[in-house]
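A short worksheet on the structure shown next.
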Amino acid sequence: MKKIAFLFPGQGAQYTGMAADLLSSDAVKPLFDTASGILGKDIKELLESDAETLKRTDISQPAITAANLASAAFLGDKGYKPFVCAGFSLGEYAALVCAGIINAADCFRLVKARGAAMQKTVDNIREANGHDAPGMAAVIGLDPAKAEALIAQWKASANEALKGLYAANINSPKQLVVSGTAAALKEAETRFKEAGAKRVIRLQVAGPFHSPLMEEARKEFQTALETVSFSNPVIPVFSNVTGKRIESGEEAKKLAALHITHPVRWIDEESAAAACGIDACFEAGPGKVLQGLWKDASITGADGSGIPIYAAGTMEEIIQIGDLL
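Residue numbers for the sequence shown follow my numbering, so the first one is 182 and each next one is one higher.
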């Protein structure tokens with residue numbers, strides 16, 4: 182049997198109508214019922230929200246999590262079981278469920294609380310900065326190590342705007358995502374291009390995630406975390422914060438708090454997953470972001486050959502996998 186890694190996408194991958202086709206599966210319906218009951222609103226309606234509504238982190242977090250877990254449930258119904266799993270940013274919560282650390286109901290309780298706390302912090306940052314929206318931007322075509330060095334250099338300068346800039350996602354050898362205030366992102370766009378970046382693209386997310394700017398949200402979310410039990414993982418799962426395998430439920434809970442304010446070390450996670458001897462990866466959720474990052478990293482297996490990655494976010498994609506593997 183093939184050793185498969187389930188990789189779950191995060192915020193920015195959402196689109197109107199994601200996972201809607203999976204609802205016809207008997208394996209997915211109970212999951213959506215659970216989500217609707219905990220969220221106090223019909224998850225199907227949430228998934229049909231327009232793009233601007235889905236951009237709000239208090240909406241996108243439960244919606245994307247539902248889509249991710251729906252993909253995993255349908256994959257399981259088709260006989261695909263994960264050998265290892267990992268989640269990019271918010272996607273880590275679906276991975277925690279996949280690895281048996283938390284159950285789906287507690288997962289929805291956590292992402293509901295997490296989304297509310299993070300949206301509140303984003304709104305406070307916007308209000309404190311003349312209603313200019315904070316956010317994130319992808320820096321394309323610049324080595325991440327060089328970009329991080331530049332950020333440190335700029336923050337040490339007398340430019341006050343750039344003190345609100347942080348490395349947030351170390352995505353691939355070709356891409357780093359930064360978080361910051363509106364002023365910091367505007368100034369950084371020009372500077373990154375002058376330093377050799379091909380493009381700097383603002384992301385469709387509500388705030389400056391995975392940065393110290395979200396400390397207020399981390400403190401508030403800590404209360405919700407204490408109400409949920411975290412079990413030890415039953416399959417290998419990896420942490421955004423460390424880029425390494427999570428060894429226990431206790432460690433997973435501690436990392437869940439740090440997750441809000443610390444960068445995502447996705448390149449390290451990809452390498453750690455590959456080192457487990459996997460044969461292929463599934464992007465179990467909406468979009469194709471993780472497929473692009475995996476291919477950019479050029480990760481190989483023990484025999485030196487490339488490890489393929491397949492889209493697994495819709496019913497059609499999942500059914501087609503059988504012909505591709």
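A virtual CB, placed ideally from N, CA and C, is assigned to each residue, including glycine.
Q: Under 8 Å by Cβ, that's how I've got Ala242 and Val386 pegged, so tell me the actual separation to the nearest angstrom.
A: In the sequence shown, the residue the question calls residue 242 occupies position 61. In the sequence shown, the residue the question calls residue 386 occupies position 205. The sequence shown places Gln at residue 242, not Ala. Contact flag wrong, Cβ pair sits at about 11 Å.
Q) Can Met445 and Ala349 be called in contact, C-beta distance under 9 Å? A) Residue numbering aside, residue 445 sits at position 264 when the sequence shown is read from its first letter. Residue numbering aside, residue 349 sits at position 168 when the sequence shown is read from its first letter. The displayed chain sequence assigns Val, not Met, to residue 445. Yes.
Q) Smallest Cα separation from Ala405: which of Leu291, Ala201 and Ala254? A) Taking the sequence shown and counting its residues from 1, one reaches residue 405 at position 224. Ranking the options by Cα distance to Ala405, first place goes to Leu291.
Q) Based on the DSSP output, what are the partners of Pro263 in its beta bridges? A) Counting from 1 along the sequence shown, the entry for residue 263 is found at position 82. BP columns for Pro263 point to Ile185.
Q | Close-in-space but distant-in-sequence residues of the same chain around Thr302 (CB under 6 Å, 5 per side omitted) | A | The residue labelled residue 302 in the question sits at position 121 within the sequence shown. The residues are Met395, Glu397 and Ala398.
Q) Looking at C-beta atoms only, is the number of pairs between the region 248 to 261 and the region 412 to 432 that lie closer than 8 Å three or more? A) no
Q. Which value, in whole angstroms, describes the spacing of the CA atoms of Val144 and Ile480?
A. Nothing in the structure corresponds to residue 144, since the chain is present only between 182 and 506.
Q. Any idea which residues DSSP pairs Phe419 with across the strands?
A. Here residue 419 is taken as the residue at index 238 of the sequence shown, counted from 1. Paired residue(s): Arg426.
Q) With burial defined as no fewer than 16 other Cβ atoms inside 10 Å of the residue's Cβ, what is the status of Met496: buried or exposed? A) Locating residue 496 in the sequence shown gives position 315, counting from the first residue. That one is buried.
Q: With distances taken Cα to Cα, identify the nearest neighbour of Pro489 among Gly468, Glu451 and Ile500.
A: By 1-based counting over the sequence shown, the position of residue 489 is 308. Ranking the options by Cα distance to Pro489, first place goes to Glu451.
Q) Which of the three DSSP states, helix, strand or coil, is assigned to Ser155? A) Residue 155 is absent from the structure shown; the chain starts at 182 and stops at 506.
Q) Taking the alpha helix (DSSP H) that Ser452 falls in, what are its first and last residues? A) By 1-based counting over the sequence shown, the position of residue 452 is 271. Counting along the chain, the alpha helix (DSSP H) containing Ser452 begins and ends at Trp447 to Ala455.
Q. Are Leu346 and Ala369 close, meaning C-beta to C-beta below 9 Å?
A. Position 165 of the sequence shown holds residue 346. Position 188 of the sequence shown holds residue 369. Taking 9 Å as the Cβ cut-off, Leu346 and Ala369 qualify as a contacting pair.
(Q) Val265 and Lys344 - do their beta-carbons sit closer together than 9 Å? (A) For this step, residue 344 is matched to residue 163 along the sequence shown. For this step, residue 265 is matched to residue 84 along the sequence shown. No, they are not a contact pair.
Q | Residues bridged to Met496 (per DSSP) | A | Here residue 496 refers to the residue found at position 315 of the sequence shown. DSSP output for Met496 lists no bridge partner at all.
Q) The alpha helix (DSSP H) with Leu291 in it runs from where to where? A) As a position in the sequence shown, residue 291 is number 110, starting the count at 1. Here the alpha helix (DSSP H) through Leu291 covers Ala285 to Ala309.
Q. If you drop the 5 nearest sequence neighbours on each side, which residues of the same chain put their C-beta closer than 7 Å to that of Ser392?
A. Taking the sequence shown and counting its residues from 1, one reaches residue 392 at position 211. Once the five neighbours on either side are set aside, the close Cβ partners of Ser392 are Tyr347, Ala349, Ser360 and Thr442.
Q: Identify which residue in Ala328, Ala492 and Phe189 has its Cα closest to the Cα of Ala280.
A: By one-based count along the sequence shown, residue 280 stands at place 99. Among Ala328, Ala492 and Phe189, the Cα nearest to that of Ala280 belongs to Phe189.
Q) Tell me the DSSP bridge mates of Gly487? A) Along the sequence shown, one-based indexing puts residue 487 at 306. Per DSSP, Thr481.
Q: Provide the residue(s) that pair with Asn350 in DSSP beta bridges, ordered along the chain.
A: Translated into positions along the sequence shown, residue 350 becomes position 169. DSSP lists Val358 and Val445 as partners of Asn350.
(Q) Please state the DSSP three-state secondary structure of Val381. (A) Numbered from 1 along the sequence shown, position 200 holds the residue referred to as residue 381. If DSSP states are grouped into helix, strand and coil, Val381 belongs with the strands.
Q) In whole angstroms, what is the alpha-carbon distance linking Gln195 and Ala247? A) The residue given as residue 195 occupies position 14 in the sequence shown. The residue given as residue 247 occupies position 66 in the sequence shown. In a straight line, the C-alpha of Gln195 is about 11 Å away from that of Ala247.
Q. Cα-Cα, which of Met182, Ala319 and Ala493 is closest to Glu464?
A. Position 283 of the sequence shown, counting from 1, holds the residue named residue 464. Taking only the C-alpha atoms, the option nearest Glu464 is Ala493.
Q.
With the cut-off set at 9 Å, would you say Leu256 and Val418 are in Cβ contact?
A. Position 75 of the sequence shown, counted from the first residue, corresponds to residue 256. Position 237 of the sequence shown, counted from the first residue, corresponds to residue 418. No, the pair does not count as a contact, with Cβ atoms beyond the cut-off.
Q. With a CB to CB cut of under 8 Å and the five nearest residues on each side skipped, what residues in its chain are close to Gly482?
A. Walking along the sequence shown from the start, residue 482 turns up at place 301. So the list reads Ala455, Gly458, Ile459, Asp460 and Ile488, once near-sequence residues are dropped.
Q: Look at the alpha carbon of Gln300 and the alpha carbon of Thr238, and state the distance between them as a whole number of angstroms.
A: Taking the sequence shown and counting its residues from 1, one reaches residue 300 at position 119. Taking the sequence shown and counting its residues from 1, one reaches residue 238 at position 57. Rounded to whole angstroms, Gln300 to Thr238 spans 6 Å at the Cα level.
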